[in-house]
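The listed protein sequences correspond, in order, to chains A and B.
Residue numbers for the first sequence follow the working numbering, so the first one is 63 and each next one is one higher.
Residue numbers for the second sequence follow the working numbering, so the first one is 27 and each next one is one higher.
Where is the CB? At the ideal position from N, CA and C, for every residue including glycine.
Below is one structure, written out as structure tokens; the observations come after it.
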Amino acid sequence: MTVSALVLTLDPEPVSRTRVLERLRGDARLCLGDRVLDRLPVVAMTTSCAAGDALFGELGAIEGILKVDVVAVDFSEDV
Amino acid sequence: MDRRDFLKTTAMAAATAAAYRLALDGDSAAAPGDGPPAIDGVRWDKAPCRFCGTGCHVQVGVRGGKVVAIAGDDKAEVNKGLLCVKGYHVGLALYGKDRLTRPLLRRNGKLEPISWDQAIEIVAERAFGNPAGFAIYGSGQWTIPEGYAANKLIKGGLASNQIDPNARLCMASAVTGFLSTYGVDEPAGCYDDLDRADVVLMWGNNPAEMHPILFSRIIDRRARGETVRLIDLTTRRTRTSGFCDRTLIFKPQSDLAIANGIAHLLVESGTYDRAFVDQFCNFRKRTDPPSLQGDASTFEEYRQALAEYTPEKVEDISGVPAADLRMLAELFGRRDLRITSLWCMGMNQHTRGTAINDLVHGIHLLSGHFGKPGDAPTSLTGQPSACGTVREVGTLAHALPGGLVVANPEHRKEAEEIWNLPAGRIKDKPGYHTVEMWKRFSTAAEQGGDIDTIWVQVTNPARTLPNASALFDPSRRLPGKFLIVSDVYPTATAMAADLVLPSAMWVEKNGVFGNSERRTQQWFRMVQPPGEARDDCWQLLAVARKLHDKGLPGMKDKDGKFLFRIVDDAGQEVPVWDWRRYYDVNVDQQLFDEYRRFTRFKHKDLAPYAEYVKARGMRWPVVEQADGTWRETRFRFARFDDPYATKADLQFYHSVTKDDRALIWFHPYEPPPEVPDAGYPMWLCTGRVLEHWHSGTMTMRVPQLQRAMPQAYVEMHRDDAAALGVADGEVVIVESRRGKVEVPVWIDGRGQPPRGSVFVPFFDETLPINQVTLDAFDPLSKQPDYKKCAVRVRRRPVGTP
């Protein structure tokens, strides 16, 4: 299992933001934190580092997510 | 709470703290949490990232003797707790399956294991037998102590000056540009400029991929509602272009004409900053042959020289519309804006690299966009210690530490005093620059090939030298030529070597790097290297000691003591050449504190090593305060921040003209040495990609990065591909007069070259594009041009598998 700490920058437009948050809440791999203005802290738990990378790409492609920043990665089970 | 919940909780704390910092413009006081996630059994320590020149700090999590986690360092000003895709995989770069673990000697064409004693004896024997023909080819990835030891070994010990680094290939033109403009190397500004600029102008660089954390810093300002205008001057659309307000595509080499065109408009419209120019600048024109000093010139001569660079003529040369040139000049003509220029390899890997560096500095000086936070001409580097180890330690063939040069008798005297050498030990003649060094290594001795041994550390010249089939390959067939390679993986260079030395990497050893903004950064060893791999610095010191024991006089100082005398707290010499004793003392600390004595000459003052242990790096000059603390400098030459600028608001205290003024140069546009023609009708540009670093020897061994970008390709315009009759993904031959490579076509890919141009990245060792590139170089910096040469692209013959 790989645990990644991420920060998502959300589109400030309210409808878009609501839609994005609904989608993220429905993703079992993600645990959402408390939003700070347009920034949303997220913990991603994936089966491997590779799956974490794939998720990183998926999040970046979601309309309404302007940017994905990585804060920390635990890849202890990959080494 | 189980482990999973614990991990989740601590990761959320780290993410929340970062979200606060990002949302509130770095106001960490408002952010909850402190430090990296607390993961059971994981011990964290700081280190700069191993990859690019940005100098992000990471927190490295170690458990059971292995690096198991990486976090952005929330105390680091550079990256404010964030990481890029390479950064968060940096720990995995240690754990490729094919680490080199034993010294290997080529016997009967095969590399066979030998002992370290044998290996050190062989290296020493090569140097002892012909010191003048023994060269070291180093790297901007060397740590500062490693580069310092290599420099001292060659210049103070072997007295030959035959040392040059791979950074010659990436930023030598930035060095000559700074020297010719300000009389001293390295940027005046720093990354803080990116937080203050109203306009960021990128001259042929692609920070969204090459320096993503810096670029992210700019984009974050926009996300917070700030207005930052981004302008991309480029020869092809890149990921950076997608974020920019304007992307101006110019023809290769024509950046010189664009810069002159902007200066012409500033002068003719009267919007240049006359008061700034009158107070702080002199004018300069070039000499024949060119020099860094040039000849004195006047404003009127400068104006006349620029006269022909009308917007219309520049449009004709560059392809950039006259209206856009006027827009650029209008921006520089405004005093209410702050403008930062960024550049990297696009301007440096250029046969007129020094000239274009001078011209961009000149625009900033002419328009007064200099010396205030946000107003800065700033070059970025590609390697983590190109500034620290190459430019500051002086591992270039003409240089000595601290900005001194071998050609200056006073500088040699200073160095001989610090190194306690007999007078005259250091030679006045520079060694060979990179292209010349390898040319001579690839030339038979009887034909002038007077370099017979090269010891390569921390770089991969078989894949990164331009025109490699001429500069590198012949040496492997010539008798008497001996190649030694210290590396961590079996790179193409290592596999072509006669002797391979397995090295420790990154947090497997102590280290100090110096990043693009003059920031010196220290770290400690955290894990053991695999097998028999050992520190590069130890390898250098062990060879030096072997030479000492063989009786080579240069390995002793004038008191008869070993050149690298390392002592314990009681002042007793520690035999650090014995690997078992190497970590009995902190060798890095002793070498660094000795090197530090050089840094005062050019006001590049460093603090004692111990200060860097406490900090996330400090930007030089670092000067001790009355209370005993050490203060860094963000804005050089500016009286409000630089302790050495005391006479005026701006003081260029190493001025070429000795009057505290910077120089505004005129250089004409000149065409490149090779242009497309009927036989080779397309431009080739080469470079890097987001996922990989340099020749991919580390990042291609990280499975996630390898999968994300598995092989090189040729980016091609859709219409060019159609004209050639090739489809996306089809393998084609990219060929110059020097060599060829077969790569798949990528149409409308990440980068989009204009018609008539192609781009091939150099990260893929199996598809060596540098067999194709040109080895023509700038006459002053000696830096080759990897950004433009003429190629043809053709389909493979029918039936090719």
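Exposure of residue i, with buried meaning 16 or more beta-carbon neighbours within 10 Å
i: residue 455(B); result: exposed
i: residue 123(B); result: exposed
i: residue 692(B); result: buried
i: residue 295(B); result: exposed
i: residue 434(B); result: exposed
i: residue 804(B); result: buried
i: residue 109(A); result: exposed
i: residue 317(B); result: exposed
i: residue 715(B); result: buried
i: residue 188(B); result: buried
i: residue 554(B); result: exposed
i: residue 165(B); result: buried
i: residue 784(B); result: buried
i: residue 744(B); result: exposed
i: residue 136(A); result: buried
Residue of the options minimising C-alpha distance to residue i
i: residue 132(A); options: 84(A), 105(A), 110(A), 94(A); result: 105(A)
i: residue 38(B); options: 604(B), 580(B), 62(B); result: 62(B)
i: residue 532(B); options: 121(B), 136(B), 183(B), 131(B); result: 121(B)
i: residue 92(A); options: 73(A), 71(A), 114(A); result: 114(A)
i: residue 746(B); options: 191(B), 228(B), 773(B); result: 773(B)
i: residue 125(B); options: 689(B), 513(B), 572(B), 525(B); result: 513(B)
i: residue 814(B); options: 518(B), 644(B), 379(B); result: 379(B)
i: residue 737(B); options: 761(B), 710(B), 771(B), 743(B); result: 771(B)
i: residue 250(B); options: 176(B), 404(B), 48(B); result: 48(B)
i: residue 471(B); options: 80(B), 506(B), 559(B), 824(B); result: 506(B)
i: residue 636(B); options: 131(B), 530(B), 547(B), 308(B); result: 547(B)
i: residue 299(B); options: 278(B), 361(B), 357(B), 244(B); result: 361(B)
i: residue 407(B); options: 171(B), 115(B), 610(B), 543(B); result: 543(B)
i: residue 659(B); options: 667(B), 388(B), 653(B); result: 667(B)
i: residue 836(B); options: 683(B), 655(B), 501(B); result: A question about residue 836(B) goes unanswered here, because the residues of chain B that appear run from 27 up to 827.
i: residue 278(B); options: 394(B), 309(B), 261(B), 288(B); result: 261(B)
i: residue 685(B); options: 40(B), 236(B), 82(B), 307(B); result: 307(B)
i: residue 85(B); options: 79(B), 45(B), 40(B); result: 40(B)
i: residue 339(B); options: 311(B), 326(B), 302(B), 283(B); result: 283(B)
Proximal residues to residue i (C-beta, below 8 Å), its chain only, five neighbours per side dropped
i: residue 55(B); result: Here residue 55(B) scores only 48 on pLDDT, less than 50, and its place in the model should not be relied on; the value that follows carries that caveat. Around residue 55(B): no qualifying Cβ.
Sequence-distant residues of the same chain with beta carbon closer than 6 Å to residue i, five excluded per side
i: residue 280(B); result: 343, 344
i: residue 599(B); result: 591, 593
i: residue 69(B); result: 88
i: residue 807(B); result: 198, 199, 202, 379, 380
i: residue 64(B); result: 36
Distance between residue j and residue i (C-alpha atoms, nearest Å)
i: residue 767(B); j: residue 789(B); result: 13 Å
i: residue 73(A); j: residue 129(A); result: 9 Å
i: residue 173(B); j: residue 420(B); result: 8 Å
i: residue 551(B); j: residue 535(B); result: 4 Å
i: residue 701(B); j: residue 198(B); result: 23 Å
i: residue 428(B); j: residue 341(B); result: 42 Å
i: residue 642(B); j: residue 821(B); result: 52 Å
i: residue 577(B); j: residue 568(B); result: 14 Å
i: residue 293(B); j: residue 329(B); result: 7 Å
i: residue 539(B); j: residue 101(A); result: 32 Å
i: residue 150(B); j: residue 628(B); result: 34 Å
i: residue 376(B); j: residue 680(B); result: 26 Å
i: residue 255(B); j: residue 217(B); result: 17 Å
i: residue 713(B); j: residue 786(B); result: 7 Å
i: residue 355(B); j: residue 224(B); result: 15 Å
i: residue 142(B); j: residue 573(B); result: 15 Å
Proximity test, residue i beta-carbon vs the ligand SAH heavy atom, cut-off 8 Å
i: residue 514(B); result: Inclusion of the ligand SAH in the displayed structure is not the case, the ligand content being empty and no account of it being possible.
Cutoff 7 Å; reference residue i; Cβ partners in own chain excluding five residues on either side
i: residue 584(B); result: 446, 447, 448
i: residue 81(A); result: 126
Complete runs of the alpha helix (DSSP H) confined to the region 349 to 415 of chain B [at least 4 residues]:
371 to 374, 379 to 392
If you scan the region 662 to 750 of chain B from start to end, which runs of the alpha helix (DSSP H) of 4 or more residues do you find wholly inside it?
729 to 734, 744 to 750
If you measure beta-carbon to beta-carbon, which residues of the region 117 to 149 of chain B are closer than 9 Å to chain C?
Included in the structure are the protein chains A and B, with no chain C among them.
Extract the residue ranges of the alpha helix (DSSP H) inside the region 744 to 799 of chain B, only unbroken runs of 4 or more that lie entirely within it.
744 to 750
Go through the region 608 to 671 of chain B residue by residue and report every complete run of the alpha helix (DSSP H) that reaches 4 residues or more, in order.
613 to 621, 635 to 640
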